[in-house]
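Visitor:
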Amino acid sequence: MRRNIKKILVLMMAVMLVFAMTACGSKDEGTDASGDADQESAQKIGVSMPTQSLQRWNQDGSNMKEQLEAAGYEVDLQFAGDNDIPTQVSQIENMMSAGCSVLVIAPINAEALSDVLADAKGKGIQVISYDRLIMNTDAVSYYATFDNWQVGTMQGQYIADTLDLENTDGPYNIELFTGSPDDNNINFFFGGALEVLQPYIDSGKLVIKSGQTEKAQCATQDWSTEVAQKRMENLITSQNYGPDKTKLDAVLSNNDSIAQGVANALISVAGYKAGSEDFPIITGQDCDKASMKNMLAGTQAMSVFKDTRTLAAQVVTMVDAILKGGEPTINDSETYDNNNGIIPSYLCEPVVVTLDNYKEMLIDSGYYTEADLATE
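Here the sequence shown stands for residues -4 to 371, where the numbers follow the numbering used here.
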């Protein structure tokens, strides 16, 4: 009997030992899994934005940080002063030193980051070019942006449709404004708009009285409101534009900060009245709060909405795919050549916003509140 009891006790102890080892093994595996998850969630992403002086980059940075953190990443978000190239380079260097696994960069100057990104490539850090394509480097892995050619065609088509260029003889006077010459995107914005407008310019329905038709002549350094306003003031003076003088029918403006400067000059120098029927058509891009208020006041006709929440979400999926060893989804493998090869890209869809649909696109979608666009 004792021998049987002893055998039973030994057997029970063996069983208990097996369970204990299994439990320990499960605990260790759980700890490892949790550790791996914690390690993955703690991976740091560097996000470099060009400036805080324009509303859109504040929103881009905020949306990016919020969505990356929601996905479990640590985010090092930096703004490069007021479009200061050395500051952006230094910030990117610091991001690499701090252990960032992926860099998301909207460059100030598309051609100024070759050296610092060569270091990133040497360290195995992948780079996503954000909204603006980084040029002349093989360190860019992917490009996330909107269909920038379409942005330009939307602006040009809005002018063509509003002036009814297909059915009227004109002539209509127009001036052209594009963005910063060091931003590769102006090739697409300006090119897309002129694809629509050039036939009417060639036929004489659209007249550019200043003769300033080349991209370099129409460029606005740093997309600056002040630079755009100064150039528009000069055009008003040299071409005698005004409501009781030479009529100006439209201004192609490739973004909102430029549009604001143009509108300021038309009011303060040319004497146009906000909301008047003869106020020139002004296009824009980004749906900045100031430009939406101008739209409500009748000094800007339209803006192209690029929902930065959508673009940020796409970047998050790219980062996830990269860090999990996969390939991010792209929808364009032909268009964007940074002079070192075609960059695999994902293009989000822009939308035209006017007084007819701004509530649906901006208020109902939660991008802005009514209070954000309220005028005093």
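Glycine residues also receive a C-beta, built at the ideal position from the N, C-alpha and C atoms.
Mind checking residue 54: buried by the 16 CB within 10 Å criterion, or exposed?
Guide: Buried: at least 16 other Cβ atoms inside 10 Å.
Visitor: Taking a contact to mean a Cβ-Cβ separation below 7 Å, would you say residue 249 touches residue 241 in this structure?
Guide: No, these two residues do not count as a Cβ contact at 7 Å.
Visitor: For residue 192, tell me which candidate among 97, 295, 155 has the shortest Cα-Cα distance.
Guide: That would be 155, whose Cα lies nearest to the Cα of residue 192.
Visitor: Using a Cβ-Cβ cutoff of less than 7 Å, which residues in the same chain neighbour residue 217 once the five nearest sequence positions on both sides are dropped?
Guide: Closer than 7 Å at Cβ, skipping near neighbours: 78, 175.
Visitor: Given a cut-off of 7 Å, decide if residue 264 and residue 257 are closer than it, judged by their beta-carbon atoms.
Guide: No; because the gap between Cβ atoms is not below 7 Å, this pair is not in contact.
Visitor: What do you get for residue 115, buried or exposed, if any count of 16 or more other CB atoms within 10 angstroms of its CB means buried?
Guide: Residue 115 comes out buried.
Visitor: Can you list the beta strand (DSSP E) stretches of 3 or more residues lying completely in the stretch 142 to 189, in chain order?
Guide: Within the stretch 142 to 189, the complete beta strand (DSSP E) runs of at least 3 residues are 167 to 172.
Visitor: Determine the closest residue to residue 82 out of 179, 214, 46, with distance taken between C-alpha atoms.
Guide: Looking at the Cα atoms, 46 is the closest of the given residues.
Visitor: Where does the unbroken beta strand (DSSP E) through residue 71 begin, and where does it stop?
Guide: Segment 69 to 74, the beta strand (DSSP E) holding residue 71.
Visitor: Just mark residue 56 as buried or exposed, buried being the case when its beta carbon has 16 or more other beta carbons within 10 Å.
Guide: So residue 56 ends up on the buried side.
Visitor: Between 335, 303, 168, which has its C-alpha nearest residue 230's C-alpha?
Guide: That would be 168, whose Cα lies nearest to the Cα of residue 230.
Visitor: Label residue 350 either buried or exposed according to how many other C-beta atoms from any shown protein chain fall within 10 Å of its C-beta, with 16 as the threshold for buried.
Guide: By the neighbour-count rule (16 or more Cβ atoms within 10 Å), residue 350 is not buried but exposed.
Visitor: Going along the chain, which unbroken runs of the alpha helix (DSSP H) with 4 or more residues stay wholly within the stretch 253 to 277?
Guide: Fully enclosed alpha helix (DSSP H) runs of 4 or longer: not present.
Visitor: What residue range does the alpha helix (DSSP H) around residue 113 cover?
Guide: 109 to 117 is the extent of the alpha helix (DSSP H) around residue 113.
Visitor: DSSP three-state label for residue 368, please.
Guide: Note: residue 368 maps to helix in three-state DSSP.
Visitor: Classify residue 337: buried if its beta carbon has 16 or more other beta carbons within 10 angstroms, exposed otherwise.
Guide: Label assigned to residue 337: exposed.
Visitor: Let's see if you can read the secondary structure: which residues bound the alpha helix (DSSP H) around residue 285?
Guide: Taken as a continuous stretch (DSSP letters only), the alpha helix (DSSP H) holding residue 285 covers 284 to 292.
Visitor: Taking 7 Å as the cut-off, decide whether the C-beta atoms of residue 178 and residue 342 are in contact.
Guide: Taking 7 Å as the Cβ cut-off, residue 178 and residue 342 do not qualify as a contacting pair.
Visitor: Use the C-beta contact count for residue 268: other C-beta atoms within 10 angstroms, 16 or more gives buried, fewer gives exposed.
Guide: It is exposed - the Cβ of residue 268 has fewer than 16 other Cβ atoms within 10 Å.
Visitor: Between residue 265 and the ligand PLP, is the CB less than 6 Å from at least one heavy atom?
Guide: Ligands in the displayed structure: none, and consequently the ligand PLP is not present.
Visitor: Using only the alpha-carbon positions, how far apart do residue 136 and residue 345 sit?
Guide: Going by the C-alpha atoms only, they are around 23 Å apart.
Visitor: Since residue 261 and residue 227 are thought to touch, with beta carbons under 8 Å apart, how far apart are those beta carbons, to the nearest angstrom?
Guide: Confirmed, Cβ separation roughly 7 Å.
Visitor: Within the continuous beta strand (DSSP E) that includes residue 41, where are the two ends?
Guide: Segment 39 to 44, the beta strand (DSSP E) holding residue 41.
Visitor: Are the C-beta of residue 219 and some C-beta of chain C separated by less than 7 Å?
Guide: Annotation note: the requested chain C is absent from the structure, which comprises a single protein chain.
Visitor: Specify whether the stretch 92 to 104 and the stretch 119 to 135 touch according to this definition: at least 3 beta carbon pairs, one from each stretch, less than 8 Å apart.
Guide: The stretch 92 to 104 is in contact with the stretch 119 to 135.
Visitor: The alpha helix (DSSP H) that contains residue 231, what's its start and end?
Guide: Residue 231 -> alpha helix (DSSP H) spans 220 to 234.
Visitor: So residue 112 and residue 134 are in contact, right, with Cβ under 8 Å, and what is the actual spacing, rounded?
Guide: Correct: roughly 4 Å between the Cβ atoms.
Visitor: Assuming residue 208 and residue 335 are in contact, meaning their beta carbons sit under 8 Å apart, how far apart are those beta carbons, in whole angstroms?
Guide: Actually they do not touch by this definition, with Cβ atoms about 30 Å apart.
Visitor: Measure the alpha-carbon distance for residue 17 versus residue 319 and round it to whole angstroms.
Guide: Caution applies to residue 17, whose pLDDT of 38 falls short of 50 and renders its modelled position unreliable; the value that the coordinates give is listed next. Cα-Cα distance, rounded: 30 Å.
Visitor: Could you give the residue range of the beta strand (DSSP E) that holds residue 121?
Guide: Residue 121 -> beta strand (DSSP E) spans 121 to 125.
Visitor: Can you name, in chain order, every residue of its own chain whose Cβ lies under 8 Å from the Cβ of residue 239, other than the five neighbours on each side?
Guide: Around residue 239: 266.
Visitor: For residue 92, count neighbouring C-beta atoms within 10 Å of its own C-beta (all shown protein chains included) and say buried if the count is 16 or more, exposed if not.
Guide: So residue 92 ends up on the exposed side.
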